[in-house]
Amino acid sequence: MNLINLNYMKKLYKILKQKGLTKEQEKLILREMNFVSEEHKPFEKEFHRFSEIYYQNDYEKILQMQLPKLNPMLNLQTLDELLHRDKLREKDGFPRRIRLGKLVKQGKNGKGEVIIVPTTTEPKFYHDNRVTEEQDEGEMGETGGSGEEGEGEVLGEKPVDQQGDGEGTGAGEGGGESHDITQEAFDIGKVLTEQFELPNLKDKGHKRSLMKVEYDLTDKNRGFGQLLDKKATLKKVIDTNIILGNVSADGELNLDELLLNPQDQIFRILSKEKVFESQALVFFVRDYSGSMQGDPTEVVTSQHLMLYSWLVYQYQNRVETRFILHDTEAKEVEDFYTYYRSQVAGGTQVAPSFEMVNKIIDENNYAKDYNIYVFYGTDGDDWDSSGKKTIEAIKTLLPKINRLGITVAKNSWTTANQTTIEKYLEKSGLLHTHKDVIKIDSFASTNVQEERVIKGIKKLIE
Amino acid sequence: MQLINQHTKKIMEESKIYAAKAGLNFDDETLEYIVSNKDMINLSPKVMIPTLYDYWVNDVEVLKGQGKYKVYPSNPYETVINSRPAISFYNDNNPDWLNVMIFYHVLGHIDFFQNNYLFEDTWNDDFVGQALADKRLISEYRSKHGRWTDYVLEFSRSIDNLVGYFNRISKNVDTSDKDASSMVNFYFYNFLQETENVADYIIFNEISRYNDLIEQDKNVGETIFFTEVKKKYPEFQSAYDKYINKEKEDIYEDVIEFIRDNSPFLRKEENSWMKSVINVVRNTSLYFSPQIRSKIINEGWASYWHNKLFTQDDRISGHQVAYSKINAGVTSISRVGLNPYAIGLRLIEYVEDKANKGKMNYLYTSLTNINEKEKYNKNLNEGQKTIFELRRKFSDFMLINTFVDQEFVDLHNLFVTGQRFNKQRQTIEYYVKSRKAKDYKKMLLDSLYDPPLITVDTSKTSDVNLYLVHKFEGKQLVQEYIAETMVGVEYLWGGQVQLETTLIVRKKKQNGESEFEHRKILYTIKDKKVTVKNL
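These protein sequence lines map, in sequence, to chains A and B.
FYI, this note's numbering numbers position 428 of the first sequence as 428, with every residue one higher than the one before it.
Each number in this note's numbering comes from the position in the second sequence (counting from 1) with 462 added on.
Structure (structure tokens):
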């Protein structure tokens with residue numbers, strides 16, 4: 001990681017130490033600094049998986065055909081069926097098998113996107129090739145090769161993708177149309193609401209939806225107008241001629257015989273349209289400090305993606321979103337993709353992120369017009385153990401928003417204890433005084449199943 | 463899906479004549495279809511068998527390549543189905559010359575399917591027809607038993623990679639010792655060596671005593687022999703009886719069959735239909751077993767023949783350049799990566815060359831001088847004969863294990879590519895890890911399909927407990943899936959199931975080096991609750 005960041009962290013650590021740190025707190029900070037300063041082996045998934053011999057076949061090699069990739073989103077009708085079946089499994093006493101919330105990266109270059117696909121696995125007794133009896137743990141993924149180079153010589157390299165590499169496989173390989181996340185988010189939101197019985201939003205009543213008027217060529221008019229609607233006109237012409245007996249069901253159509261009545265011309269005409277403005281504004285905020293690496297990040301981003309999908313459905317697409325990441329400082333990123341992909345950075349200070357949310361809301365005067373939701377994901381660490389600034393920022397924030405949902409995805413080493421953030425939130429009393437607005441869901445982030453994540457969502461939005 | 467037109471069929475038939483002349487051996491009848499992209503969407507989840515049963519997992523994306531599970535074996539897609547008659551699929555709009563090449567490749571596959579011993583059990587069957595019957599059966603069950611049909615399908619599929627394919631095909635070869643009775647075999651192989659653990663000279667003495675008695679009188683020699691034995695070892699008779707009983711219990715091909723025939727749950731009248739579902743899954747898996755074990759040799763064989771036959775065919779004229787390009791795309795050795803077509807083809811050519819020069823003997827292997835080795839040529843010209851022998855008797859494993867040697871690796875400049883993380887440059891480097899044949903062979907073998915060997919310990923199994931044993935072969939099982947898989951097995955057995963398996967545990971020594979412990983553990987599932995304990 002970069003040195004500037006590390007120096008900043010060291011400085012911060014010094015200041016904090018002068019103010020006095022508990023042993024526990026110090027351990028936590030050192031752990032994170034260590035984490036950042038240490039060079040870390042990239043994730044397993046960063047390593048290239050070579051295409052295995054069984055995936056190469058005559059269709060692609062000899063016939064030069066592309067084997068079609070199954071796109072589960074094409075089968076949404078069957079998805080409903082699948083989910084229904086999955087629900088029955090529970091009744092029948094078997095674990096569910098359809099999993100949602102897998103994030104799949106599409107496209108290698110430029111902007112990738114994140115989508116959810118229903119996935120499953122076929123569990124069997126398989127040999128596990130990940131566990132080997134080799135001395136060097138850093139090595140992985142052997143394959144063949146040919147050429148003149150001597151042993152040890154490097155053939156090529158690829159930079160470790162700072163944005164991380166995608167989870168999941170298959171579905172999206174090989175490009176295709178780029179999808180915006182909202183297209184699928186709506187469907188998934190529907191599924192989440194209906195199949196997983198997430199609650200529908202209650203109208204809080206104190207916010208009014210905004211109406212805006214726009215002019216668009218949507219109305220149809222016979223005889224005159226701005227734009228000829230050819231298809232509708234043709235239909236009308238045929239209609240008229242059927243009445244006149246020029247067109248019969250069995251005879252051949254003779255175009256010359258058709259009569260054209262000027263009144264049959266259908267035009268599009270400018271008209272007033274009511275347009276709803278976004279009703280919901282959602283802030284997704286997450287910690288991306290060193291300690292978030294791995295499971296906590298995975299859990300938080302999965303949950304946020306599903307939350308986003310659910311809100312898109314609830315507000316029928318009228319949702320605006322802002323994405324904020326923080327380590328010791330907060331920064332806004334432009335899309336969910338970046339929000340999801342951004343790899344861990346430095347130390348942990350929570351306050352700047354909430355200050356930033358406040359600032360964005362105030363500057364744009366959002367509080368007046370929007371239902372505002374803030375979802376925050378963390379592993380529960382904060383270098384500032386008193387949380388004074390954070391509590392202050394949250395206090396300013398609370399009156400302006402409908403919901404602050406905090407996900408604490410605990411790391412393995414903190415699982416047993418209450419985390420720093422939980423402690424100071426508890427101490428501040430906010431959880432009681434504002435229990436309608438603040439919801440907190442805390443769980444260990446290792447081996448989290450989708451069900452747990454979805455249950456967490458229920459907790460955050462009920 | 464429609465049949466190819468008459469014009470193209472004629473090209474196919476002509477190709478058959480040339481292929482047969484060259485020595486390939488296949489049924490006259492074949493069916494060729496044109497498939498559209500839409501057909502492919504329907505066919506590909508069914509591994510190109512149009513009549514395979516429906517199953518919901520095919521509608522969902524199956525997470526196959528997560529992490530580093532390397533061999534998540536999906537059955538290989540072939541453009542030819544091993545059925546009677548052989549069916550092959552093509553896309554429209556190929557120029558005629560290209561079709562000639564493709565047909566030669568396909569004929570190579572058909573020849574392999576119909577002559578290689580791995581496929582012996584499929585020779586008398588038409589799988590496509592069988593699959594259709596199975597599909598109808600399953601949809602009939604579905605209308606009768608609803609989603610429970612799919613549960614049984616799912617649970618059977620969860621153990622379908624444990625089919626005893628090799629047990630099945632080894633039955634085709636008679637290995638029994640016809641001269642001696644089972645009691646004699648038991649006495650010498652099991653009783654003396656394992657139970658009594660006597661010294662070697664005693665065994666030799668006993669053998670000559672036995673031989674003498676048999677020579678004196680063929681009919682009663684054995685009885686006399688055992689009278690003596692029973693005097694010396696009073697426990698012999700009971701040990702033998704026990705052995706025979708156990709033998710009887712152990713005669714099952716695989717775990718699936720054992721469950722099907724012995725499960726108290728399936729024994730119930732109302733559940734007997736489930737056995738048919740299990741059979742369908744098992745037979746399907748058995749059908750694909752030879753295919754997945756011969757990917758490299760089969761593709762190599764087909765590539766060898768499309769190249770050999772097409773380059774000698776008049777119909778190539780004018781298209782040599784275009785052909786070379788396509789052929790190179792199919793059979794060139796990857797700079798980095800593994801191309802089964804290339805490796806298979808090179809190995810077959812390598813064997814052919816060796817056999818032609820008479821290098822397949824001990825004398826040649828014992829030569830150490832490189833110049834002598836290179837010059838060695840006995841002009842035996844046994845190449846063709848030998849590679850036909852290969853296609854009759856070899857699998858991927860045998861081909862690689864027998865013929866990947868240093869000479870082969872050096873000949874084609876092969877190496878093992880490794881990946882490592884470069885801290886300074888923050889990159890992942892691909893580098894030449896090894897040029898040793900030993901490592902290259904290991905890498906190849908590691909990439910082959912390799913399901914675990916799991917058997918039933920009948921002595922610990924009863925109606926209320928099924929005891930499975932995973933034979934440790936240097937690899938542990940994917941732990942995440944064990945519990946989920948056992949849920950299905952428990953359902954099929956209708957009671958507690960236990961699985962004995964082995965974990966590889968890495969331990970860091972003081973000096974930083976790693977030590978490995980093989981820890982035996984026991985999974986138990988009862989009422990869908992899984993517990994693990996050390997053994």
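Glycine included, every Cβ here is placed at the ideal spot set by N, Cα and C.
- Message: Taking contact to mean 3 or more Cβ pairs, one atom from each stretch, closer than 8 angstroms, check whether the stretch 954-965 of chain B and the stretch 974-987 of chain B are in contact.
- Response: yes
- Message: Any beta carbon from chain B within less than 8 angstroms of arginine 452(A)'s own beta carbon?
- Response: no
- Message: Closest to threonine 390(A) by C-alpha separation, out of Lys14(A), Gly245(A), Ala330(A), Phe443(A), would be which residue?
- Response: Ala330(A)
- Query: Would you report the Cα separation of histidine 206(A) and glutamine 303(A), rounded to the nearest angstrom?
  - Reply: Reliability of the predicted coordinates at histidine 206(A) is poor, the pLDDT of 46 falling under 50, and the value obtained from them is presented with this limitation in mind. Answer to the nearest angstrom: the Cα atoms are 27 angstroms apart.
- Message: On a Cα-Cα basis, can you pick out the residue from Asn745(B), Ile564(B), Asn553(B), Tyr517(B) that is closest to methionine 474(B)?
- Response: Ile564(B)
- What in chain A is Cβ-close to phenylalanine 878(B), meaning under 8 angstroms? Phenylalanine is not the amino acid found at residue 878(B); the sequence shown has valine there. Here the neighbours are Glu142, Thr143, Gly144, Gly145.
- Message: Quick check for students: name the residue ranges of the alpha helix (DSSP H) that lie wholly in the stretch 649-714 of chain B, counting only runs of 4 or more.
- Response: 662-678, 683-694, 698-712
- Query: Nearest CA to the CA of asparagine 411(A): which residue from Tyr313(A), Glu32(A), Tyr13(A)?
  - Reply: Glu32(A)
- Task: Measure from the alpha carbon of glycine 626(B) to the alpha carbon of each residue in Ser796(B), Lys693(B), Ile718(B), then state which is nearest.
- Result: Ile718(B)
- Thinking just about the alpha-carbon of each residue, which of Gln886(B), Val614(B), Met645(B), Asp912(B) is nearest to the one in arginine 755(B)? Asp912(B)
- Query: Excluding five sequence neighbours on each side, which residues of the same chain lie with their C-beta closer than 7 angstroms to the C-beta of asparagine 555(B)?
  - Reply: none
- the stretch 364-375 of chain A: positions lying closer than 8 angstroms to chain B by Cβ: none
- Task: Measuring alpha carbon to alpha carbon, tell me which of Arg130(A), Glu151(A), Lys158(A), Glu90(A) ends up nearest arginine 609(B).
- Result: Glu90(A)
- Task: Please check the pair phenylalanine 589(B) and asparagine 544(B), which I expect to be a contact at CB under 8 angstroms, by giving their CB distance rounded to whole angstroms.
- Result: 7 angstroms
- Item | Backbone secondary structure at arginine 31(A) - three-state DSSP | helix
- Item | lysine 991(B) - containing alpha helix (DSSP H), residue span | Element bounds for lysine 991(B): not the alpha helix (DSSP H) but the beta strand (DSSP E), 991-996.
- Message: Quick check: the Cα distance between glycine 845(B) and leucine 748(B), rounded to an integer number of angstroms?
- Response: 32 angstroms
- Item | Whole-angstrom distance between threonine 132(A) and arginine 882(B), CA atom to CA atom | 16 angstroms
- Item | Of the listed residues Leu260(A), Ser385(A), Arg341(A), Val299(A), nearest to tyrosine 13(A) (C-alpha basis) | Ser385(A)
- Task: Assess, as a yes-or-no matter, whether the stretch 568-580 of chain B is touched by the stretch 713-733 of chain B under the definition of 3 or more beta carbon pairs within less than 8 angstroms.
- Result: no
- Can you list, in chain order, the stretches of the alpha helix (DSSP H) that have 4 or more residues and sit fully within the stretch 324-362 of chain A? 336-341
- Report back the beta-carbon spacing between glycine 456(A) and methionine 9(A) to the nearest angstrom; my notes put them in contact at under 8 angstroms. Wrong, their Cβ atoms sit about 30 angstroms apart, outside the cutoff.
- Message: Could you check whether the Cβ of aspartate 128(A) sits closer than 8 angstroms to any Cβ belonging to chain E?
- Response: The structure shown contains no chain E; its protein chains are A and B.
- Task: Answer yes if the stretch 869-886 of chain B comes into contact with the stretch 597-604 of chain B, meaning at least three C-beta pairs across the two stretches below 8 angstroms, and no otherwise.
- Result: no
- Query: Based on the DSSP output, what are the partners of phenylalanine 443(A) in its beta bridges?
  - Reply: Ala409(A)
- Can you tell me the Cα-Cα spacing of isoleucine 421(A) and glycine 387(A), whole angstroms? 7 angstroms
- Using 8 angstroms as the threshold, is the stretch 50-62 of chain A in touch with the stretch 796-804 of chain B, meaning 3 or more CB pairs across them? yes
- Message: Within 8 angstroms of any Cβ in chain B, is that where the Cβ of leucine 63(A) sits?
- Response: yes
- Query: Which bits of chain A does tryptophan 518(B) rub up against, with CB to CB less than 7 angstroms?
  - Reply: Leu82, Arg85
- Message: With DSSP as the reference, identify every bridge partner of serine 291(A), one or two as the case may be.
- Response: Partner(s): none; serine 291(A) has no beta bridge.
- Query: Residue range of the alpha helix (DSSP H) that phenylalanine 476(A) falls in?
  - Reply: Here chain A comprises residues numbered 1 to 462, so residue 476(A) is not present and cannot be evaluated.
- Chain-ordered neighbours of isoleucine 944(B) on chain A, where CB pairs are closer than 9 angstroms: Pro123, Phe125
- Message: Is there a Cβ of chain B sitting closer than 8 angstroms to that of glutamine 489(A), yes or no?
- Response: A question about residue 489(A) goes unanswered here, because the residues of chain A that appear run from 1 up to 462.
- Identify, in the order they occur along the chain, each residue of the same chain with its Cβ nearer than 6 angstroms to the Cβ of leucine 961(B), setting aside the five sequence neighbours on each side. Leu930, Tyr985
- Query: Looking at C-alpha atoms only, which residue of Leu398(A), Val357(A), Asp335(A) is the closest neighbour of histidine 432(A)?
  - Reply: Leu398(A)
- Item | Per-residue DSSP class, three states only, for threonine 541(B) | coil
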